[in-house]
Amino acid sequence: MSALRLAGKVALITGAARGIGRAQAVRFAQEGADIIGLDLCGPVETVSVPSSTPADLEETGRLVRQAGRRIYTEIVDVRDLEGLQAATDRGVDAFGGLDVVCATAGITSRAMTVDLSENAWRTMLDVNLTGVWHTCRVSAEYLIARGGGSMALTSSIAGLRGLVGVGHYTAAKHGVIGLMRGLAHDLAPHDVRVNCILPTNVDTPLIQNDVVRVGFRPDLDRPPTRDEFAEAARRMNLLAIPWVEAIDVANAALFLASDEARYITAITLPVDAGATQR
Amino acid sequence: MPGLRDTVVLVTGAGSGTGRVHCLHFAAAGADVIALDHAAAADELRETAYQARALGRRCVEGLADVTNLGEMAAAIDAGVAELGRLDTIVANAGMHAPGGPAWSISAHDWQRTLDVNLTGVWNTVKAGARHIGPDGGSVVIISSTNGLRGTPHSAHYTASKHALVGLARTLANELGSRSIRVNTVHPGAVGTATVRNTATYRRLRPDLDDPTEEDAAEVLRSRNLLPVPWVESADVANAVVFLASDEARYITCSQLVVDAGLTGRTT
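Here the protein sequences line up with chains Y and A, keeping their order.
Sequence positions in the first sequence follow the working numbering and run 14 to 291.
Sequence positions in the second sequence follow the working numbering and run 320 to 586.
This is the structure in structure tokens:
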């Protein structure tokens, strides 16, 4: 595999400012792809984990250019269908087409399911489920026009199992798998493949904050340290690690985007250190 | 069914074909019924209540839109106040908006489908679960075979029905310590008006000018393992009543398929 695996391809990535999205952008660039990187770069109501910033998205841009590829970035909310369509149109115009889509933008918040506020429930579905559909909706016809392509939707181990305190997140992530399975049927005649990636905890700002850490260590009366969080997180996985790295998810997305996965569609690919089997 | 006598069940979509059958099966098993539906189905709901009472049980009718948490809470509170307790929740209300390729579904149809099929169930459980007493109870969520797999031109419906499995799995984790069991039921094609109509016959048999029910049944039969075109509402209700009863006392966080082998077919 000496040839670049995405040579001449264009990839659109939501949530590109940091975490998994940034890792996908940089990894794809290393393999020859130009990048359309979109992110909200700001807070979402009901979400108390720290949000991404415009500086984060600029840093992703710098890293992609450092890898020798071009990047088009725009700040846009995946909940805004018209805005997302316009940003996507401009990005595709810049590079002349689109081959790969990574719907990665997502949020998290926490409460027992019957105690969730209506706003927290609704916002979660809007971003983590409808936002993914929006991303697919605005990009599908570009992939069809290209004669094929790959979509990788970021679900979660919560797409296959229930986790306490995140019923809205679990519903949305199961919903993403349903969306993927429907889309895969609709896009198969156009040689567009659609798959889900299901990470366990990933070492990103979305989990490395006090809001999430506290949920993992209800036994402590203070926010746990990184090591104390790791101890609890390790118990979710089969392998003796607390979390995977963003690059592991990016590598899975790269495989799915490449011709190596040309006959793989409608699958749920765990990158979970065995968490779904524990 | 053991353990259902003198319990109270809440059923949403109780004016519809399958919802009515749920109510009547529970009434026949000795349960009182809180029957909810939206205002447009008031006449059908009244008929459901009439038939449930004819079986010798009490039935409280309530008009509420599942997408409106305030209306749901008010209707459920009133029903529980009148019947004195709540043991079982059957989240049955659902819809199927017009389909199409995933990227051509309208934003309205997408949102409406999530609102009714997913948020409607969350509203039902959020407003209802707090009334289930210390002895525990059962929540049965009606999903679909599309909660387990995808089919063409159904991305919105399939996403909503998968999401219900996720919701149920989390609820089962959260409510298990209160002895509340949470399961999903996954019917295949059900022989109600939703399937048995001319538009569906034409969709299933585009090769024929004027397809009959038997022409359509032939196609549906070929998709199942068992030699039947669809299951009946009663088959779904039997599964729901079983999950609510003491016979299923240790069954939680499961997906019960009632589909004549539709999802299991490999050839």
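Heads up, the beta-carbon is just placed ideally off N, CA and C, and yes, glycines get one too.
Distance, A/A478 Cα to Y/H187 Cα: 8 Å
Residue from Y/G195, Y/M193 and Y/V215 with nearest C-alpha to Y/E258: Distances from the alpha-carbon of Y/E258 to those of Y/G195, Y/M193 and Y/V215 put Y/V215 closest.
Range covered by the beta strand (DSSP E) that runs through Y/L97: Not the beta strand (DSSP E): Y/L97 falls in the alpha helix (DSSP H), residues L94 to F108.
Option in Y/L267, Y/K22 and Y/I48 with minimal Cα separation from Y/V159: Note that residue 159 of chain Y is Arg in the sequence shown here, rather than Val. The shortest C-alpha separation from Y/R159 is found at Y/K22.
Any chain A beta carbon closer than 8 Å to Y/D296: This structure cannot settle anything about residue 296 of chain Y, because the visible part of chain Y is limited to 14 through 291.
Residues near A/A385 in its chain [Cβ-Cβ closer than 7 Å; skip 5 each side]: A small correction: the amino acid at residue 385 of chain A is Val; Ala does not occupy that position in the sequence shown. The residues are T331, M391, A412, V435, G439, N442 and T443.
Interface partners of A/A421 on chain Y, CB under 8 Å: Identification of chain Y residues near A/A421 by a Cβ-Cβ cut-off of 8 Å yields W146, C149, R150, A153, L192, G195, L196, D199 and L200, ordered along the chain.
Exposed unless 16 or more other CB atoms sit within 10 angstroms - verdict on A/L545: Label assigned to A/L545: exposed.
Distance between beta carbons of Y/A243 and Y/P255, contact taken as under 8 Å: Sure, about 4 Å apart at Cβ, within 8 Å.
Three-state class that DSSP yields for Y/G180 in the structure shown: Helix at Y/G180.
Helix, strand or coil at A/H505 according to DSSP, with G and I counted as helix: strand
Per DSSP, the bridge partner or partners of Y/A124: Y/V179
Beta-carbon neighbours of A/H472, restricted to chain Y and to distances below 9 Å: G195, H198 and D199
Proximal residues to A/G447 (C-beta, below 6 Å), its chain only, five neighbours per side dropped: L329, I395 and I408
Contact with chain A by Y/G228, beta-carbon distance below 8 Å: no
Straight-line Cα distance separating Y/R174 from Y/D139: 21 Å
Interface partners of Y/G161 on chain A, CB under 8 Å: For a Cβ distance threshold of 8 Å, nothing in chain A lies close to Y/G161: the least Cβ distance comes to about 15 Å.
Neighbour list for A/N492 in chain Y, Cβ cutoff strictly below 8 Å: G175, L176 and V177
Members of the segment 103-127 of chain Y near chain A, C-beta cut-off 9 Å: If the cut-off is 9 Å between Cβ atoms, the segment 103-127 of chain Y has M125, T126 and V127 near chain A.
Where A/V444 meets chain Y, residues with beta-carbon distance less than 7 Å: V127
Range of the contiguous beta strand (DSSP E) that encloses A/E380: C378 to L382
Nearest-angstrom beta carbon gap, A/T571 and A/V501 [assumed within contact, 8 Å]: 6 Å
Range covered by the beta strand (DSSP E) that runs through Y/G162: G162 to T167
Min CB distance Y/T217 to chain A below 8 Å: No, Y/T217 lies away from the interface with chain A (no Cβ there is under 8 Å from its Cβ).
Among Y/L196, Y/A245 and Y/H181, the one whose alpha carbon lies nearest that of Y/G162: Y/L196
Same chain, Cβ closer than 6 Å to Y/Q37, five either side skipped, listed in chain order: I26, C115, A263 and A266
Secondary structure of A/V538, DSSP reduced to three states: helix
Straight-line Cα distance separating A/P506 from A/G419: 22 Å
Below-8 Å beta-carbon distance, Y/L142 vs any chain A residue: yes
Min CB distance Y/A158 to chain A below 8 Å: It does not: the Cβ of Y/A158 has no partner Cβ on chain A nearer than 8 Å.
Status (buried if at least 16 other CB within 10 Å, exposed otherwise) for A/P321: Exposed: under 16 other Cβ atoms inside 10 Å.
Neighbour-count burial assignment, A/S462, 16 or more Cβ in a 10 Å radius: buried
Within 8 Å, strictly: CB atoms of Y/L97 and Y/V105: Y/L97 places its beta carbon 8 Å or farther from that of Y/V105.
Any C-beta of chain Y under 8 Å from that of A/H481: Chain Y contact via Cβ: present.
Y/P237, DSSP secondary structure in three states: Three-state DSSP puts Y/P237 in coil, outside helix and strand.
Counted within 10 angstroms of its Cβ, other Cβ atoms place Y/R103 as buried (16 or more) or exposed: exposed
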